[in-house]
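K.L.:
Attaching a single structure in structure tokens format; questions to follow.
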Amino acid sequence: MNGPLHSCSVILWVASASIAFAAEKAVPFAVPDQVEDLMANYCLDCHDGDVQKGDIRFDNLTELKHPKRLDMLNRMQEQVFFKQMPPKKKKTQPSEAERRQLFDWISDELRKHDASRFEDKLRKPEYGNYVDHDKLFSGEFKDLPGFTYDRRWLISEYIFNDKFDRMLKGQATGYHRGRKVPVFGSKRFHRLTPTNPFLLPTRSGVRYYANTDLTGGHLSTMLTNAQKAAQLMTDYLVPRHKKSRQQYLPAVVEIMALEDQHIATLKERREFLETNVARVCQDLYGKKNDSLLPEFVPVVLNEAKALEEGETYKKAPIHVAQNTLKNLGGEDALYQVLLNPEVKGLSDLEIRNRCERQWFYNGDHERKIQGRVTMLRDYLTEVRERLAKNGTKIKLRIYKPLTDEEMAILHAAITKYRKQGDFHTAVIDKCMTQWTHDFRQERVEAGPPSDELLTQLVDQLFLQILERPPSADEQGDYLTLSKSYVAKLGNLKAIQKMIQTVLLSSEFVYRQEFGSGEPDEHGRRMLSARDASYAIAYALTDQSPDGELAKSAAEGRLNTREDYRREITRMLKRRDRHYLVDPILIDKNHRENVTSMPIRELRFFREFFGYPKAITIFKDEKRFGVDRLGSATARLLGETDQLVAHILENDRNVFEELLTTEKFYVFHDGDNERMQAASDRIKRIYEYFKDTDWQNFDLEELGKHKDFLREVKIRSINPDKLESGNRSGTGLQLFKKSMTSITARLDKGQKEAAPFDMYRGYGSDFMPGENVSSFFNYPLINWDYATVQPGKVPNRKGFLTHPAWLIAHAQNTETDPVIRGKFIREKLLAGTIPDVPITVDAVIPEDHHATLRSRLAKATETNYCWKCHDLMNPLGYPFEAYDDFGRFRLRESLETPENLVKKNPDKAPNRNHLLDLRDIYKTLPVDATGYLKGTGDPKLDGDVKDAIDLAERLGKSRRVRQSIIRHAFRFFMGRNEFLSDSKTLIDAEQAYVESGGSFDAVIVSLLTSDSFVFRKPIKEQTHDN
Amino acid sequence: MTTRRDFLKSSALGAGALAMPADLFAEPGQGNIPKRFVFIRKSSGIRPAEIALPDFSDKDKALDEKKEPLEVDLDKHELPKWLRGLEAHKEHMTILQGLSAKMSENVHWSFSSVMGCFKSNRNTLSAIKRATIDFEIAKLFPSPFGHVELSFAGGRTGIVDGYSAPAPQTRNYCYADPDTARSELFKSVLNPEAVNSDNDMLSFLQSKEGLKASGVRGHERKRQEKHLQSIEAIRERNEKLIKVSGSLAKHLPELAPVHANGGPNASTPEKQAAMTDVLIAALKADLTNVATYTIDDLGTPVTGLPGNETDRVGIHPLGHDEAFGGVPAWKTREQIRISHVNQINTIIEKLKQVPEGKGTMFDNTMIMYFPENGETHHGVGSEAPFLIMAGNNCNLNMSGRYVRLPFLGNEGHKTLGNWYTTLLNAHGNPIKHYGDLDLEMSRKKFDQLGAIKQLMG
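Residue numbers (this note's numbering), protein chains in the order written: chain L, 23 to 1047; chain G, 944 to 1400.
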């Protein structure tokens, strides 16, 4: 196997990257008088030659070496911007204008040397909120021309998967509303799962920004991916599509035609000979044949030693032996003997000897023969008994020679090369060597591929991989390259190298967004039509432009804002494509996690709310109380996606709905009719058996109901073989388990029954994850299922009370009011929260007799901590009404050993999975009050009763609406907003309001805004902040 | 940006959140003698009773059987029969009992989880939560190949998916037979043309990307320059490998012809010995400082074992006490372990022959032999016995001892996560805790973070 792989482990031996500071040499630097005055007034008291608080001094800036000075300026820049200096307790503070002046001077100095770490920081998603919210929406800056700089944007993990999917003609499928459909978004393509080097960070919030650069690590991984993809393309995809109407890389077919023909011929000859060489030799040599065979030497087997006293021996079962024989390559020979009617009646020993001789003359390795013969010695009797009882799928082979011409070639070669005592494999190898050599000669004489053919190859590779034809220059360059590859490597390896070369160009891994055409008065240019088509496609999906979009671009119909609007609107309405939402859920066997809406529309809310993280939080199943927590969580997330999709489909008051809906999906696939039918079936079974003595049925009694059982098809129960079953029990036992479960769902006056399968076993469940009900406080033993959903769930309002969000914003075993409060402050109220100071050990102290809220309050409601925690805690406390699994509660369990009241079993007795097995602890009442400030609306700010109250207020807040729009901007633009994007944001809000709360309208507005449509070449990196 | 809060929170801490192998770039050597690590993982468990000392005093035996804390010097005791191949190196041996691995996936296979301390969800990519411990260690001791994975899992050949992980959701590749391992590790010696053709391609790409660099400014230009530097770095590395191929050649291991084309006819002892030779050669040639060696899994065919010479035995049936060739299953299992121990002995012996610093290469080497799935064939991870062979310059204070730590669910109990944290802390990574936490310890509110202090040097 021609492996790639120095990059197998992807560690490279390189020079370390240099920092961005200039070399140490004398660099002119002076502090202007006005700035000196400012520093004298506000800074030097604490930071001069006499007093150097924090080891910082500013009076010697001109004397510092350049790198140290830049470092100092960087520190100053952040402190001034974040208003951390002068400290707030200082009475003399600079005015806004003074602060601005100081900041601008520092920024200019750093910019001269391209050395501002802060400006790099401001481009990061976590710093987006530092642009003043009120300024963005006030209208004061709406006349600033919006634009994005020319850029290349590294592809995301999703785009990477799609590129490979498209390039390798992937054929992934998924399930949508019970129907199998082709899907986009898989990460496995035929037998190849490339290593994805573009994984996005796992944080909550917008994850895909245009800030990331390609590193050596990416490139190294892509080298390996390219090698494997090239091999898959030439060795699998090209042959696979050879006979179809649309060949895959037809130039490869042509270049490799002669070699492929030779390979096929050689393969056919080898396969024929390996199976039939004995017969061919017999036919060729007749009676003389035996004398040419090598002298038979039987293998020596280990004899089993007697057991020592007290020792026992349990022979491995027959199926193990048969598998072993198969893996040793002995199965075929054995069965050809066993099935051959001409040799019926042979004893075990005779059969063994016959097989052994065949293997020996064949030239099989002694060790292999030993292994096979040992198996026959120990198991042949049982194999024959099994064969007699059960038969076999293996068929007796009928000898069929190749064509006369081929047989003549074989005979000639065997006659030429066979020597006395040769094993058959030796003869075959000699013949093959000669034929291989002859064919190689033939190919050498045929010469290398023509320039025309190689040019076609280049064209096809560009189209297949880069989705465009090469330019004339590129054609020339790549043709020269391909010829040199052919000369050095031969045709096949040259083709593979060419594939790798094209795949490794930066164009494959970077999205191009450069303006073209004439600039306007602000120096802005629109994206080229091709770049625009990709920008639009990747804004809404992970796929390249669809047919219509590509056509519009090619035909000059993607040049105006209206063109953009038309295409975007069309794509937003499109529902004939399906996308895998979350590969992790697919890995967890939640196969229904498929959507038909543009995937990035749904993904925005996934990232915004951050609920996908719930699946990564390691939780204790014992504390959950019921089992299959992983499956339940997968369903929880899948149904959260379903709910988002439902709200987006309605597309009315989307933000308000997300924040305040009382209707959720709980164990429902979105198809009300299907769920009703499933519930009806359970009810039917219940009604049929409920008045019988089913608990005491025996086989005979149950057998009287075969017809009904056949109709309703209870899982793993065969009405005609009730005595059989699976590892969970016989048919009768499984029936009783089912009825226990069904009865529990309907014997308390419930109107409907959740349609899950009755018990654990093998095979696919009807709908896995029924324990999702526990997150919503519905016990399996008393659950009145709602067949029409989304349906009202008590004590819930909006996504902030959804278990998925609550789990994602909690710890492994406790809630986390700080994280939950931080989410609301930053995501919904457009606030900022400083980093945890380095001196702080942010741990909630233990106290086994206090609630988490009170422990947290004790640690954080102190002078030093409260200035930050005041921004978070009061917003997080209302969610103490839900535990770390998102379950509603009025009392908090104090889960420590000394508070244990009752220990429940760790495993369900009698495998009754309906029981809640949580241990019982002492409890304390939950305090879910809090405080809202920061909406800017005095009617909304103020004391909060609980999470429901908080959700309602947030749902009414304009600032919250605007904050969501800011995040939407970041998501679709791939960057933070600046003051020059003010009009874009204002327009987007207006679009939302005027459309009755349509998120589609927001998207259209954003993607037809100046911020999206226009690009500007990079000169200086200033956006007015 | 990783804030301090992010760094401290949660049970799933990875060292420095270094997701990409790019961060392993470094100049090798630089005058410092690196530490070396060999992780040898086996299937079908190590039963704690099998690795206990046969001549414990009655008191110690009682403690050990009750799984209570215990520590004895090995030089005062005999080793179990299957470990006696290491008798000559007992002073370097630690038998570490009492670690638990319930946060890992157990039963039949653990895949990536035993070396990453997470559940692997049956080998799905998305379940890989963090770089496995071998990769984290490799970051601390960079080398040209950084990390090498050798594997006999599943009886495969060639270059195939491995079990180690360089980053979250990223699976490593491994060499699945000795011939492939040799060809790949010593490619610059055996097949310089292949390396050169890679460089031709890289030169071409460099010229193309260089053209793109002109005409862009600001951070786009920097971005392009970085790209060019990356290509150049790989080219330089390839050229360096070719330049040192002369000195690499003297470490090139010889393999018997039976190993050609994947070695379908090689016996298990032959394969193991050959793979061990390649591993030793890679260490001696400074190609790597960290190697992971999956010496078997339940799908590995085993042939040619003493006592079962002509049998092809299955590790899975043996785990169920189903036997072959008239030999009781436990004896065959023991012979498998002896075969493993033979490899460990070979590594030690060969490294002790190579002078390094004031001693030998083995002085700076640690070999760990451990089960992928806990305490038995269908282990649940309540115990994960470790056999550690460490040279004289080991940073940990443990050699020459049998150590039993408090059992799971008791105060002072230590998990696999604690052991890996110990390794990292002792070698320069100050991570607070590596790996997921144990749920039972969490429920009981026992402290379970950090290194095993009694082992820290």
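Every residue, glycine too, gets a C-beta built ideally from N, C-alpha and C. Small disclaimer: the values here were computed from a predicted structure and weren't measured.
Between which residues of its own chain and residue 159 of chain L is the CB-CB distance below 8 Å, once the five residues before and five after are set aside?
P.N.:
Sequence index remark: in the first sequence, residue 159 of chain L carries index 137 (1-based). Hits under 8 Å: 984, 1004, 1007, 1008, 1011.
K.L.:
Using only the alpha-carbon positions, how far apart do residue 995 of chain L and residue 1121 of chain G sit?
P.N.:
Taking the first sequence and counting its residues from 1, one reaches residue 995 of chain L at position 973. Taking the second sequence and counting its residues from 1, one reaches residue 1121 of chain G at position 178. For residue 995 of chain L and residue 1121 of chain G, the distance between alpha carbons rounds to 50 Å.
K.L.:
Kindly list, in the order they appear in chain L, the residues whose Cβ is closer than 9 Å to that of residue 1229 of chain G.
P.N.:
Walking along the second sequence from the start, residue 1229 of chain G turns up at place 286. Those do not exist, as residue 1229 of chain G stays about 11 Å from chain L at its closest Cβ, beyond 9 Å.
K.L.:
Counting only beta-carbon separations shorter than 7 Å, does residue 1169 of chain G have a partner in chain L?
P.N.:
As a working note, residue 1169 of chain G is residue 226 in the second sequence. So, interface residue.
K.L.:
Looking at residue 991 of chain G and residue 1318 of chain G, is the spacing between their C-beta atoms short of 7 Å?
P.N.:
Numbered from 1 along the second sequence, position 375 holds the residue referred to as residue 1318 of chain G. Numbered from 1 along the second sequence, position 48 holds the residue referred to as residue 991 of chain G. In this structure, the beta-carbon distance from residue 1318 of chain G to residue 991 of chain G falls below 7 Å.
K.L.:
So is residue 1208 of chain G in contact with chain L if we call contact Cβ pairs under 7 Å?
P.N.:
Reading the second sequence from its first residue, position 265 is the one you call residue 1208 of chain G. Yes, its Cβ sits closer than 7 Å to a Cβ of chain L.
K.L.:
Name the chain G residues whose beta carbon is nearer than 8 Å to that of residue 333 of chain L?
P.N.:
To locate residue 333 of chain L, count along the first sequence from 1; it is residue 311. From the beta-carbon of residue 333 of chain L, the residues of chain G found nearer than 8 Å are 1271.
K.L.:
For residue 931 of chain G versus residue 1338 of chain G, is the C-beta distance shorter than 7 Å?
P.N.:
Lying before the first or after the last residue shown, residue 931 of chain G is absent from chain G, which here runs from 944 to 1400.
K.L.:
What's the gap between the Cα of residue 330 of chain L and the Cα of residue 394 of chain L?
P.N.:
Counted from its first residue, the first sequence places residue 330 of chain L at position 308. Counted from its first residue, the first sequence places residue 394 of chain L at position 372. If you take the alpha carbons of residue 330 of chain L and residue 394 of chain L, they lie about 27 Å apart.
K.L.:
Report yes or no: do the segment 656 to 664 of chain L and the segment 802 to 810 of chain L share at least 3 C-beta pairs separated by less than 8 Å?
P.N.:
Touching, no, given that fewer than three Cβ pairs across the two stretches are closer than 8 Å.
K.L.:
Throw me the rounded Cβ distance for the residue 564 of chain L and residue 1021 of chain L pair, which I believe falls under 8 Å.
P.N.:
Sequence index remark: in the first sequence, residue 564 of chain L carries index 542 (1-based). Sequence index remark: in the first sequence, residue 1021 of chain L carries index 999 (1-based). So it is not a contact: roughly 19 Å between Cβ atoms.
K.L.:
Find the nearest neighbour of residue 1109 of chain G within the set G:1032, G:1077, G:1019, judged by alpha-carbon distance.
P.N.:
Reading the second sequence from its first residue, position 166 is the one you call residue 1109 of chain G. The shortest C-alpha separation from residue 1109 of chain G is found at G:1077.
K.L.:
Look at the Cβ atom of residue 1040 of chain L, then the Cβ atom of residue 1161 of chain G, and state whether they are nearer than 7 Å.
P.N.:
Mapped onto the first sequence, residue 1040 of chain L falls at position 1018. Mapped onto the second sequence, residue 1161 of chain G falls at position 218. A contact, by the Cβ cut-off of 7 Å.
K.L.:
I need the boundaries of the alpha helix (DSSP H) containing residue 89 of chain L, first residue and last residue.
P.N.:
Numbered from 1 along the first sequence, position 67 holds the residue referred to as residue 89 of chain L. Taken as a continuous stretch (DSSP letters only), the alpha helix (DSSP H) holding residue 89 of chain L covers 88 to 103.
K.L.:
Quick one: which residues of the segment 1142 to 1153 of chain G get their C-beta closer than 8 Å to a C-beta of chain L? List them in chain order.
P.N.:
Residues of the segment 1142 to 1153 of chain G with a Cβ closer than 8 Å to any Cβ of chain L, in chain order: 1143, 1144, 1147, 1148, 1151, 1152.
K.L.:
Would a C-beta distance cut-off of 7 Å place residue 676 of chain L and residue 1257 of chain G closer than the cut-off?
P.N.:
Numbered from its first residue, the first sequence carries residue 676 of chain L at position 654. Numbered from its first residue, the second sequence carries residue 1257 of chain G at position 314. Going by C-beta atoms, residue 676 of chain L is not nearer than 7 Å to residue 1257 of chain G.
K.L.:
Let me check one thing: in DSSP terms, what residues is residue 1266 of chain G bridge-paired to?
P.N.:
Working through the second sequence from its first residue, we reach residue 1266 of chain G at position 323. Residue 1266 of chain G pairs with L:337.
K.L.:
Starting from residue 597 of chain L and walking both ways along the alpha helix (DSSP H), at which residues does that stretch end?
P.N.:
Position 575 of the first sequence, counting from 1, holds the residue named residue 597 of chain L. From DSSP, residue 597 of chain L is part of no alpha helix (DSSP H); its letter is neither H nor E.
K.L.:
Would you check if the distance between the CB atom of residue 1278 of chain G and the CB atom of residue 1250 of chain G is smaller than 7 Å?
P.N.:
Reading the second sequence from its first residue, position 335 is the one you call residue 1278 of chain G. Reading the second sequence from its first residue, position 307 is the one you call residue 1250 of chain G. Yes, these two residues count as a Cβ contact at 7 Å.
K.L.:
When the cut-off is 7 Å and only beta carbons count, does residue 1113 of chain G lie next to chain L?
P.N.:
For the purposes of this step, residue 1113 of chain G is taken as residue 170 along the second sequence, with counting starting at 1. The beta-carbon of residue 1113 of chain G is placed less than 7 Å from the nearest beta-carbon of chain L.
K.L.:
Counting contacts by CB-CB distance shorter than 7 Å, is residue 1040 of chain L in contact with chain G?
P.N.:
Within the first sequence, residue 1040 of chain L is the residue found at index 1018, counting from 1. Closer than 7 Å to some Cβ of chain G, the Cβ of residue 1040 of chain L qualifies, so yes.
K.L.:
What does the alpha-carbon distance come out to for the pair residue 972 of chain G and residue 374 of chain L?
P.N.:
Residue numbering aside, residue 972 of chain G sits at position 29 when the second sequence is read from its first letter. Residue numbering aside, residue 374 of chain L sits at position 352 when the first sequence is read from its first letter. Unreliable positioning characterises residue 972 of chain G in this predicted model, as indicated by a pLDDT of 41, which lies under 50. A coordinate reading is not provided.
K.L.:
Using a Cβ-Cβ cut-off of less than 7 Å, give me the residues of the segment 597 to 620 of chain L that come near chain G, in sequence order.
P.N.:
605, 606, 609, 610
K.L.:
Which of the residues in the segment 173 to 207 of chain L, read from start to end, lie with their CB under 8 Å from any CB of chain G?
P.N.:
173, 174
K.L.:
Expressed to the nearest angstrom, what Euclidean distance is found between the alpha-carbon atoms of residue 1008 of chain G and residue 1018 of chain G?
P.N.:
Position 65 of the second sequence, counted from the first residue, corresponds to residue 1008 of chain G. Position 75 of the second sequence, counted from the first residue, corresponds to residue 1018 of chain G. If you take the alpha carbons of residue 1008 of chain G and residue 1018 of chain G, they lie about 21 Å apart.
K.L.:
Does the Cβ of residue 175 of chain L have 16 or more other Cβ atoms within 10 Å, making it buried, or fewer, making it exposed?
P.N.:
Walking along the first sequence from the start, residue 175 of chain L turns up at place 153. Counting of Cβ neighbours within 10 angstroms places residue 175 of chain L among the buried residues, the total reaching 16 or more.
K.L.:
Since residue 471 of chain L and residue 513 of chain L should fall inside the 8 Å C-beta cutoff, what is the C-beta to C-beta distance between them, to a whole number of angstroms?
P.N.:
Here residue 471 of chain L refers to the residue found at position 449 of the first sequence. Here residue 513 of chain L refers to the residue found at position 491 of the first sequence. Contact holds; Cβ gap of about 7 Å.
K.L.:
Roughly how many whole angstroms lie between the Cα atoms of residue 1175 of chain G and residue 1088 of chain G?
P.N.:
Indexing the second sequence from 1 puts residue 1175 of chain G at position 232. Indexing the second sequence from 1 puts residue 1088 of chain G at position 145. Rounded to the nearest angstrom, the two C-alpha atoms are 17 Å apart.
K.L.:
Beta-carbon separation of residue 957 of chain L and residue 988 of chain L under 7 Å?
P.N.:
Numbered from 1 along the first sequence, position 935 holds the residue referred to as residue 957 of chain L. Numbered from 1 along the first sequence, position 966 holds the residue referred to as residue 988 of chain L. No.
K.L.:
If we ignore side chains and look at the alpha-carbon of each, how far apart do residue 1217 of chain G and residue 1198 of chain G end up?
P.N.:
Taking the second sequence and counting its residues from 1, the one referred to as residue 1217 of chain G is at position 274. Taking the second sequence and counting its residues from 1, the one referred to as residue 1198 of chain G is at position 255. Those two C-alpha atoms are separated by around 6 Å.
K.L.:
Is the Cβ of residue 46 of chain L closer than 7 Å to any Cβ of chain G?
P.N.:
Against the first sequence, residue 46 of chain L aligns to sequence position 24. Caution is warranted here: a pLDDT of 49 is assigned to residue 46 of chain L, below 50, making its placement in the model unreliable, and the coordinate value is therefore given only provisionally. Not an interface residue.
K.L.:
Could you check which residue in L:309, L:549, L:304, L:70 has the C-alpha nearest to that of residue 436 of chain L?
P.N.:
Residue numbering aside, residue 436 of chain L sits at position 414 when the first sequence is read from its first letter. Nearest option by C-alpha distance: L:304.
K.L.:
I want to verify the contact list: residues of chain G whose CB lies under 8 Å from the CB of residue 522 of chain L, in sequence order.
P.N.:
Position 500 of the first sequence, counted from the start, is the residue given in the question as residue 522 of chain L. Near residue 522 of chain L (Cβ distances below 8 Å), the residues of chain G are 1144.
K.L.:
Looking only at C-alpha atoms, which of G:1132, G:1178, G:1136 sits nearest to residue 1147 of chain G?
P.N.:
By one-based count along the second sequence, residue 1147 of chain G stands at place 204. Comparing Cα-Cα distances from residue 1147 of chain G to each of G:1132, G:1178, G:1136, the minimum goes to G:1178.
K.L.:
Round the Cβ separation of residue 1094 of chain G and residue 1119 of chain G to the nearest angstrom and send it over; I've been treating them as touching at under 8 Å.
P.N.:
Position 151 of the second sequence, counting from 1, holds the residue named residue 1094 of chain G. Position 176 of the second sequence, counting from 1, holds the residue named residue 1119 of chain G. Between residue 1119 of chain G and residue 1094 of chain G the Cβ distance is about 5 Å, and since that is below 8 Å, they are a contact.
K.L.:
Got a sec: is the Cβ-Cβ distance from residue 899 of chain G to anything in chain L below 7 Å?
P.N.:
Lying before the first or after the last residue shown, residue 899 of chain G is absent from chain G, which here runs from 944 to 1400.
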